[in-house]
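K.L.:
Residue numbers (our numbering): 41 to 280. Every residue gets a Cβ at the ideal spot worked out from N, C-alpha and C, and that includes glycine.
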Amino acid sequence: MPRLRRQIQRVRGHMPHVKRQIPNSMTLFNIMVGVAAIFYSVNNEYEIAGGLILVSVFVDSFDGYVARMLDATSKFGSYMDTVSDFLAFAIATSLLMVNEFNIHPIISVFFVAAAMIRLLYFMRTKNSTHFFGVPTTVAGGLLATIAILRPNILSEHALSVWMSVLVFVLSVLMLSRKRYYRVEIKKRRTLTFILAVMASLFAINSRLFIIATMCFFLGYISFGWMSYFRKKDVDSIIPE
């Protein structure tokens, strides 16, 4: 019995370390997904690349909840999360835009730079109830949904022009001082409901699921700018 008791105590002693690695493992998985999205973008597998970027969006949305639920937040996990976001929502997304829609490389580079600045700035305000500028997750997710749906109502040249404009606008919005409130999942019941709705939509029609996801991103971006017309305030680029 004393030996069994010591073994149980030893296992309990390792539990905090194991719990801390669960959200880190999710983030590491997200890094691998981002790298895979880069490879598929380069190989012109646009739908797969866009789908992988969306997978990164959803994993990135839930790993923070898991970390808080297990009380396993850490600086290392925060750094890993930033690397994961940069790979998926900056590098992979910009390559997808260049290869699928033939946007100008300079605009693509500007998007990557804006995403990097946005992520570094976000690290300073991560514990706040709000943040400034469109999140890289939303910008990358919106572009990924468009890449998957790929509207055919425009010519190749017109589509390239419109997508170049959209990528440029999203880059500026990521650097803007417009306040966006953090969307956090605090209850397990809420998480279960969201996952059930997402799974149902995907099971009914995967294209409908992508459209609904795109509408959510557009709605979130629009919601932040409604206050502009109410308060008549002026945005500026992040100063420091």
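Who are the Cβ neighbours of PHE141 in its own chain at under 8 Å, not counting the five residues just before and after it?
P.N.:
Residue mapping note: residue 141 aligns to position 101 of the sequence shown, counting from 1. Only ALA187, LEU199, SER200, MET203, SER204 meet the Cβ criterion.
K.L.:
Return the residue from the list LYS218, VAL149, PHE151 that minimises the CA-CA distance to VAL174.
P.N.:
Locating residue 174 in the sequence shown gives position 134, counting from the first residue. The residue with the shortest Cα to Cα distance from VAL174 is LYS218.
K.L.:
Comparing C-alpha positions only, which one of GLY117, ALA130, ILE250 sits nearest to VAL149?
P.N.:
As a first step, residue 149 must be located in the sequence shown, where it is residue number 109. Of GLY117, ALA130, ILE250, the residue nearest in Cα terms is ALA130.
K.L.:
Can you give me the Cβ contacts of LEU210 inside the same chain, cut-off strictly under 6 Å, excluding the 5 residues immediately before and after it?
P.N.:
The residue given as residue 210 occupies position 170 in the sequence shown. Around LEU210: ALA179.
K.L.:
Which runs of the alpha helix (DSSP H), 4 residues or longer, sit entirely within the region 167 to 211?
P.N.:
List check, alpha helix (DSSP H) in window: 176 to 189.
K.L.:
What is the residue span of the alpha helix (DSSP H) that SER286 lies within?
P.N.:
As shown, the chain starts at 41 and ends at 280. That puts residue 286 outside it, with no answer to give.
K.L.:
Please report the Cβ distance between ASP103 and PRO63, rounded to the nearest whole angstrom; I am assuming they are in contact, meaning their Cβ atoms lie under 8 Å.
P.N.:
Within the sequence shown, residue 103 is the residue found at index 63, counting from 1. Within the sequence shown, residue 63 is the residue found at index 23, counting from 1. That belief holds up - the Cβ atoms of ASP103 and PRO63 are roughly 5 Å apart, short of 8 Å.
K.L.:
What three-state label does DSSP hand ARG217 in the structure shown?
P.N.:
Taking the sequence shown and counting its residues from 1, one reaches residue 217 at position 177. Residue state, collapsed to three classes: coil.
K.L.:
With a threshold of 16 other CB atoms inside 10 Å of the CB of MET137, please say whether the residue is buried or exposed.
P.N.:
For this step, residue 137 is matched to residue 97 along the sequence shown. Result: buried.
K.L.:
Do LEU160 and THR122 have their C-beta atoms closer together than 9 Å?
P.N.:
Counting from one through the sequence shown, the residue named residue 160 turns up at place 120. Counting from one through the sequence shown, the residue named residue 122 turns up at place 82. Going by C-beta atoms, LEU160 is nearer than 9 Å to THR122.
K.L.:
Under the three-state reduction of DSSP, which class applies to TYR260: helix, strand or coil?
P.N.:
As a first step, residue 260 must be located in the sequence shown, where it is residue number 220. Correct three-state label for TYR260: helix.
K.L.:
Can you look up GLU85 in the DSSP assignment and give me helix, strand or coil?
P.N.:
Walking along the sequence shown from the start, residue 85 turns up at place 45. The answer is coil: DSSP assigns GLU85 none of H, G, I, E or B.
K.L.:
Would you mind stating whether LEU68 and ARG158 have Cβ atoms separated by less than 9 Å?
P.N.:
Taking the sequence shown and counting its residues from 1, the one referred to as residue 68 is at position 28. Taking the sequence shown and counting its residues from 1, the one referred to as residue 158 is at position 118. In this structure, ARG158 does not lie closer than 9 Å to LEU68 by Cβ.
K.L.:
For ASN83, count neighbouring Cβ atoms within 10 angstroms of its own Cβ and tell me buried if that reaches 16, exposed if not.
P.N.:
If you number the sequence shown from 1, residue 83 lands on position 43. So ASN83 ends up on the exposed side.
K.L.:
If I measure Cβ to Cβ from GLY74 and keep anything under 7 Å in the same chain, skipping five residues before and after, which residues do I get?
P.N.:
In the sequence shown, the residue the question calls residue 74 occupies position 34. For GLY74, where only same-chain residues beyond five positions count, the Cβ hits under 7 Å are SER96, SER124, LEU127, ALA128, ALA132.
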